[in-house]
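Number of protein chains: 2
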Amino acid sequence: MSTWSPSASVSSFITLSTLSSRRSSASFETVPLELIAEAHSKGYHSVCLPLTTEDWRKRWAEMCLVPSDSIQKRGRESRRESKLVSRDPSAERKAEAWRENPCFEREEVTITRLDEAEHVTAIISEWLELDAEEDGIRYDAEIALQQELAYASYLNIHTAILPPPRNRDHISSYARIVRACLSSAPYMNLAIRLPVYDTSILEPVAPLSPSSSSSSFRSSSAPSTPRLVVSGSADSLNRNRFSTTSAPLEAHIDAAWETWDLIRSICDYNIRLALALDLTPPLPNSPGVLSKWAAEAVRYIFLPSSTFIANAKGYPHRPNIIISGASSGLHKRGGEDAYSQYVKHLERTSSVVQAAEKVGTVENFAQGYQDYLQAPLQPLMDNLQSITYQTFEQDPVKYQSYEEAIHKALLEWPKQDKIIICVAGAGRGPLVARSLCAIERSKRGHVCLYAIEKNPNAFVTLQNRQRTEWHDRVHLLFGDMRLVEIPEKVDILVSELLGSFGDNELSPECLDGAMRFLKPHGISIPSSYTAHLAPLSSSKLYNEARAIKAEKSLETPYVVMFQAVNLLSGLPPTNSHNTRSAKLRFHIPHAGVLHGLAGYFEAILYGNIGLSIHPQRKDQVSKDMLSWFPLFFPFKEPLYLPSNSELQISIWRLTNSRQVWYEWHAESFLGSSPPTFPATSGGQPLPPILMASPTIGVPSPLIDAVDLLPRSTLSVQDAPERSTARLVKIGHTSLHNPGGRSSWIGL
Amino acid sequence: MSTWSPSASVSSFITLSTLSSRRSSASFETVPLELIAEAHSKGYHSVCLPLTTEDWRKRWAEMCLVPSDSIQKRGRESRRESKLVSRDPSAERKAEAWRENPCFEREEVTITRLDEAEHVTAIISEWLELDAEEDGIRYDAEIALQQELAYASYLNIHTAILPPPRNRDHISSYARIVRACLSSAPYMNLAIRLPVYDTSILEPVAPLSPSSSSSSFRSSSAPSTPRLVVSGSADSLNRNRFSTTSAPLEAHIDAAWETWDLIRSICDYNIRLALALDLTPPLPNSPGVLSKWAAEAVRYIFLPSSTFIANAKGYPHRPNIIISGASSGLHKRGGEDAYSQYVKHLERTSSVVQAAEKVGTVENFAQGYQDYLQAPLQPLMDNLQSITYQTFEQDPVKYQSYEEAIHKALLEWPKQDKIIICVAGAGRGPLVARSLCAIERSKRGHVCLYAIEKNPNAFVTLQNRQRTEWHDRVHLLFGDMRLVEIPEKVDILVSELLGSFGDNELSPECLDGAMRFLKPHGISIPSSYTAHLAPLSSSKLYNEARAIKAEKSLETPYVVMFQAVNLLSGLPPTNSHNTRSAKLRFHIPHAGVLHGLAGYFEAILYGNIGLSIHPQRKDQVSKDMLSWFPLFFPFKEPLYLPSNSELQISIWRLTNSRQVWYEWHAESFLGSSPPTFPATSGGQPLPPILMASPTIGVPSPLIDAVDLLPRSTLSVQDAPERSTARLVKIGHTSLHNPGGRSSWIGL
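Chains V and D supply the protein sequences, listed in that same order.
Quick note on the numbering used here: the first sequence kicks off at 124 and runs consecutively.
Quick note on the numbering used here: the second sequence kicks off at 124 and runs consecutively.
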């Protein structure tokens, strides 16, 4: 398998009843060995197996729970104290002995041998209530969980799936216990099983009171599978029933995510903690309702066989899919193997996977770079290596667009004039070559071409190309474009100084210095560019930035090919401003955690020819362009954003005489009335790039640029005038990168 | 002056018009020297002085602002670009030269000599708009501010007061500039002038649009004192007008605090940043509306002479009071000196100052300890020093209460029986002595007294006292109460193992071990105790805890005598529970920042005799008891809490076989409907201590105690049952001290 593969691994869920009903055959030493071999033969990569049996459940309940009949006679208040009152002293003595020295009897566990545990993911006893209402039950459940994890470790099992949280009031206790387990079992990966929403909203039953559930399962003889794990035909009914109530359903999906957010926050984003998303509940048809999970560490997906009427296309990246109930005969025609085969079929036919396999696509080019943090280039301060130039010269789109822009400009230039073109920052010469092609195609006489380069090493390459290819068609000038002497003023200034965020590689400052030799009515290619920002949630990127050992790693922007991220709000429509600072407002429709900002740019080269990495426009403007991944501005502390909140981002581009840097800051608000934002462009087409009006500039007092020069502008969503008094401030981040202390760009 | 003094320093505000209208007399070399000498002779400790003159303002406006007439002709949209369009090219050239090399002309500053700057606080040009709507004005204002601060530094001035923020939309820019100045002027203290609310709500004028103010001040000839600095008779009118609108006023006072909170957060709680609270606006009569400022770094208070009809009793700790308009002749009878004299009179007569001067009060005892962080004692793990015992033995109240409790218990004991008393943890013997007094007073025969102590050094002192004072009235036993052999079972067990938070010095664990030798119907003194928690805001404590160099200094509790703190919510009424964990809900009436939790305890010794450090009950239960300061549980990241929000605190007392520790966590919520909390006891008397029902114990599964033993319980505010679905989660902290990684108590 390559370092990154979009393929899912498929697991089979072996239930306790399958384990206990099967008699071992002659060909296998134990029942688990036989079931595991069967699963492999059906195409599953691994199996999920409960570790403990009904015997353990019975003993634990006798030791640690009050007999249910004594509870039913009591009111709410007295129940809290009933445990001591009604407990059998001998049960309490046994419990104390167990707490002191927790261990299993042979009959209480399903497997005992190393070979039975190979490729096994342990399912922790589903009846353990880590978030029970009663303190005492929680404490005992914690001991039992630690005991089970210790046993799994003993068997060399590396991953365990915990029972889902059930009680909103004690999720913080549940999470605290998970954190304690991550600490005491340092090689174990834990996954929290979480239904996409609380299925109780579908069923006309009383709310699951933890005390009643903990007490009732002993008295009832029916298996007490937690509600969240239910699969089978009952769901088909529910699926129909729920279609009328999709609005509250969204709130419940938000609530499930909120549960996860609290747990992983309390566990401090531990990379050994993942999510086992349970898709057993019937899913809504509205696309995007599950998109927030794309930003999370979803390592497992529970799919009951009954959900195979659904289209599984939208599942998150590289998950492990656990199929339950495959042997229940629900889809007799295809047989059991059909499930895993169908998952693989869906993968093969997904557009993402297909694009990744096709040479020339961004998806193919970017393999291995997904969610990988790179420090942005500093081509002004550092002299690039030849290999770096080579990588960027491979872009099949960018230089073609430049050639078209130069060609178009030449065609539109008044016929009578002689034309002077200058490539400022020629590198190894790709724009020189494209300029020559454009000149040739335009059939204009009297064109003179200069090329300026300050990297002495690249200048050797340029000299070589001049001697071998270009000869006297090009005049080479060595030096910094801000200082170099040029024999005559130029008509067309061509440059490629753009960074992922537009001005983050000092294009404005370099071009300021080149203005000396541009004629008053000369033109610049690119003629303008705009930076775009969107708030972003990605626990993966947050963890990656945090893992970098440098002290201020969370205060510096990174170049990243985004994969496991969720944009919390649509990008605001473009609105050029003559500022190097911006305050942006975003409506946050669904609760999320702000981990950073995604930075993009869009440039107009000339006329209607442009370059764009804006996610909603790049395919229209410059499809398959490879040169830029977006910029990621991280936040040190994740900021929680509730549904329907407003996020306000301030970003400043600052400078002193030696360097340039960005600072950024966020505040969150809740409104008392529904927000009145202009609709952000979800699926609607944005105005064509022609409409992006170039900034007719008011010079900034600090760094000026001149009309018709590329200008760095931050896009601002002009929210309608509204009374900010109606907004309630609910949180903010610290100011990031103050004074450029952790990241700056050298002039 | 002692290390801590509650006294305020009083400053005189010298205005620009006073400076410019006065002619220098023969006896002083310059006008400023004369005015400063006059202020000192009138009893002021220092003066506040504007640094720049009207000349500077005119030059700056000519360079950096658009002529106001050209603006008035334009609409809102075009104004943004008007600066360039209408700017005089020669003005722009001058501005560029100034930006490159910012400096003053002689006539543009008020003072030039070191002796003129002694004891002077610089008032930065009040017309500087650091939060102007236009980027360009903000940038130029930042340069001008840096220039002014550099000049103040040159004159050895250590503090400057900045003009107030005026534009909510650009407070983050204002704050970013302040942070940049704190960084570039590393020895300068900055104070933000902030009116307690925006006075524009009192006046029928158009809202202060920053652009209009910046453009208008040039054209108007009237002095453009910012609205926030207004003093004089106009206020008397406003004072009457506003009494009808006190509810919106509270919202405005919250908004002012929110402004401050954002600025100091963006400045990362820099200790050189303080607040100059402007009390010029008429103040509401409702007490408590200003209490939130008690938790803030208020270093200056602006008092116009017109406010001297108000009672200044409630001002924050140790501020510097700036009196403006003292020479305006508003109160002719008293003359100018009367103002500073009256401030001093108010101080002398305040109950806080009087208590601090009286020996035997907590206020007197605690001098020097206010807001000072101390690590809690670990008397079980560490053997205390004699000096520590001596300090605690000085408590005039605690041991008296113990004697009363023992005496009462003896009186109520059945007449016929012989009584065995045991002091567990006798230390240097104070409880032994008190027990002997109580026995004598009770005139009971047949009383036998044991004293157990595990500190070998203190045991020497005990032996000495036995030989010299007690003789055979006491039987000494050396050893840990959990293990020591005692010849007979006891009737009354006396101990003093309580910490500030009740169980934080391992009283439950020690007494668990002492249960062996208590008779089945024996009693314990204390008979119960309860821990109380309140959310707390204190930037000072937050900064103190942050300043401690130890790595996890923000995850360990401290013992603190609270001073500059604001309790964000009332303490919940007592409600005993048999848990070692609690989830508490608090209603937050006014917006604030959660920096930590305040921990208190209350104990019943016997009958109606108790000990309490609960702030609302300590004076009723055990006035002037000195032994315990509260406990402070810090939070690593401050959590912003909006007005009318709900705060949920989880706290766990956890243990393993070697240690005990607390973990804590907070979540914040906003409700869509007004909360329905039970009224917390603001001024109302709480139930007498007799009502605090002793916990009749359900043993915890981890560490048990037995009926009638002191039990550690966390108080829980039983919020009425309500649908949590109506609450919107808006934020949370991380889990503090997980696994006891940074603070634990050794067993």
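Every residue, glycine too, gets a C-beta built ideally from N, C-alpha and C.
Closest by C-alpha distance to V583 (chain V), when choosing among V:G622, V:R551 and V:N393: Here the closest residue by C-alpha is V:R551.
Option in D:D178, D:R564 and D:L585 with minimal Cα separation from Y573 (chain D): Of the listed residues, the one whose Cα sits closest to Y573 (chain D) is D:L585.
Going along chain D in order, which residues have a C-beta closer than 8 Å to the C-beta of R145 (chain V)? For R145 (chain V), no chain D residue has a Cβ inside 8 Å of its Cβ, as the nearest lies near 37 Å away.
To the nearest angstrom, report how far apart E256 (chain V) and R180 (chain V) are at their CA atoms. Cα-Cα distance, rounded: 19 Å.
If I247 (chain V) sits next to P286 (chain V), beta carbons under 8 Å apart, how far is it from one beta carbon to the other, in whole angstroms? About 6 Å separates the Cβ atoms of I247 (chain V) and P286 (chain V), confirming a contact at the 8 Å cut-off.
Is L507 (chain V) closer than 8 Å to L396 (chain V) when the C-beta atoms are compared? The Cβ atoms of L396 (chain V) and L507 (chain V) do not sit closer than 8 Å to each other.
Range covered by the alpha helix (DSSP H) that runs through H163 (chain D): First-last of the alpha helix (DSSP H) with H163 (chain D): V154 to S164.
Using CA coordinates, which residue listed in V:R299, V:R261, V:A303 and V:W250 is at the minimum distance from A273 (chain V)? Between A273 (chain V) and the set V:R299, V:R261, V:A303 and V:W250, the nearest pair of CA atoms involves V:A303.
Check whether the stretch 711–721 of chain V and the stretch 763–772 of chain V are in contact - that is, three or more C-beta pairs closer than 8 Å. Contact between the stretch 711–721 of chain V and the stretch 763–772 of chain V is established, with three or more Cβ pairs separated by less than 8 Å.
Are K656 (chain D) and L707 (chain D) close, meaning C-beta to C-beta below 8 Å? Residue identity check: residue 656 (chain D) is Leu in the sequence provided, not Lys. In this structure, the beta-carbon distance from L656 (chain D) to L707 (chain D) falls below 8 Å.
Complete beta strand (DSSP E) runs within the stretch 236–318 of chain D (minimum length 3 residues, chain order): Complete beta strand (DSSP E) runs here, min 3: 243–246, 282–285 and 312–318.
Option nearest F724 (chain V) by Cα separation, candidates V:F709, V:L717, V:H718 and V:S750: The residue with the shortest Cα to Cα distance from F724 (chain V) is V:S750.
If you draw a straight line from the C-alpha of S276 (chain D) to the C-alpha of I266 (chain D), how long is it? Their backbone Cα atoms lie some 15 Å apart in a straight line.
Between the C-alpha atoms of F151 (chain D) and L400 (chain D), what's the straight-line distance to the nearest angstrom? F151 (chain D) and L400 (chain D): Cα-Cα distance of roughly 33 Å.
First and last residue of the uninterrupted beta strand (DSSP E) at S768 (chain V): Its beta strand (DSSP E) spans residues S768 to T778.
Determine whether the Cβ of H718 (chain D) lies closer than 8 Å to any Cβ atom of chain B. Any reference to chain B falls outside this structure, whose protein chains are V and D.
What does the alpha-carbon distance come out to for the pair L641 (chain V) and E563 (chain V)? As the crow flies, the alpha-carbon of L641 (chain V) is around 23 Å from that of E563 (chain V).
Look at L728 (chain V) and P680 (chain V) and say whether their C-beta atoms are less than 8 Å apart. Result no, Cβ atoms of L728 (chain V) and P680 (chain V) do not sit closer than 8 Å.
Could you name each continuous alpha helix (DSSP H) segment of 4 residues or more that falls completely within the stretch 576–612 of chain D, going from the start of the chain to the end? If we require 4 residues or more, the alpha helix (DSSP H) runs fully inside the stretch 576–612 of chain D come out as 579–588.
May I ask which residues mark the beginning and end of the alpha helix (DSSP H) holding I562 (chain V)? Its alpha helix (DSSP H) spans residues P553 to S565.
Short CB-CB distance (under 8 Å) between R299 (chain V) and chain D: At least one beta carbon of chain D lies nearer than 8 Å to the beta carbon of R299 (chain V).
Expressed to the nearest angstrom, what Euclidean distance is found between the alpha-carbon atoms of A245 (chain D) and Q269 (chain D)? When rounded, the distance between both Cα atoms is 13 Å.
Using 8 Å as the cut-off, can you tell me whether the stretch 728–745 of chain D makes contact with the stretch 379–397 of chain D, which would need three or more C-beta pairs spanning the two stretches below that distance? No: fewer than three Cβ pairs fall under 8 Å.
Burial state of P757 (chain V), where buried means 16 or more other Cβ atoms lie within 10 Å: Answer is buried; the Cβ neighbour count reaches 16.
With a threshold of 8 Å between beta carbons, is I137 (chain D) in contact with chain V? No, because no Cβ of chain V sits closer than 8 Å to the Cβ of I137 (chain D).
DSSP-derived helix/strand/coil call for F227 (chain D): DSSP places F227 (chain D) outside both helix and strand once states are collapsed to three, so it counts as coil.
Cβ closer than 8 Å: which chain D residues qualify as neighbours of H788 (chain V)? Near H788 (chain V) (Cβ distances below 8 Å), the residues of chain D are S295, R299 and I389.
Under 9 Å from the C-beta of L793 (chain D): neighbouring residues of chain V: Those are P765, L793, V851 and I853, listed as they occur along chain V.
Please check if any C-beta of chain D sits within less than 8 Å of the C-beta of D747 (chain V). The beta-carbon of D747 (chain V) is placed no less than 8 Å from the nearest beta-carbon of chain D.
Between D:I386, D:H168, D:A220 and D:R261, which lies nearest to S704 (chain V) when the distance is taken from Cα to Cα? For S704 (chain V), the closest C-alpha among the options D:I386, D:H168, D:A220 and D:R261 is that of D:R261.
If you compare alpha carbons, which of V:S463, V:S565, V:F515 and V:L664 is closest to L621 (chain V)? Of the candidates V:S463, V:S565, V:F515 and V:L664, the residue whose Cα lies closest to the Cα of L621 (chain V) is V:F515.
Hey, would you say L278 (chain V) sits closer than 8 Å to T233 (chain V), going by beta carbons? Not a contact, by the Cβ cut-off of 8 Å.
At 8 Å on the CB atoms, spell out the chain D contacts of P302 (chain V), in chain order. A small correction: the amino acid at residue 302 (chain V) is Arg; Pro does not occupy that position in the sequence shown. Counting only Cβ-Cβ distances below 8 Å, R302 (chain V) has contacts in chain D at L858, P861 and G862, in chain order.
Measuring alpha carbon to alpha carbon, tell me which of V:P553, V:R781, V:Y665 and V:I529 ends up nearest E592 (chain V). Comparing Cα-Cα distances from E592 (chain V) to each of V:P553, V:R781, V:Y665 and V:I529, the minimum goes to V:P553.
Closer than 8 Å, CB to CB, is L385 (chain D) near chain V or not? With its beta carbon less than 8 Å from one in chain V, L385 (chain D) belongs to the interface.
Check whether the Cβ of W775 (chain D) lies closer than 8 Å to any Cβ atom in chain V. The Cβ of W775 (chain D) sits closer than 8 Å to at least one Cβ of chain V.
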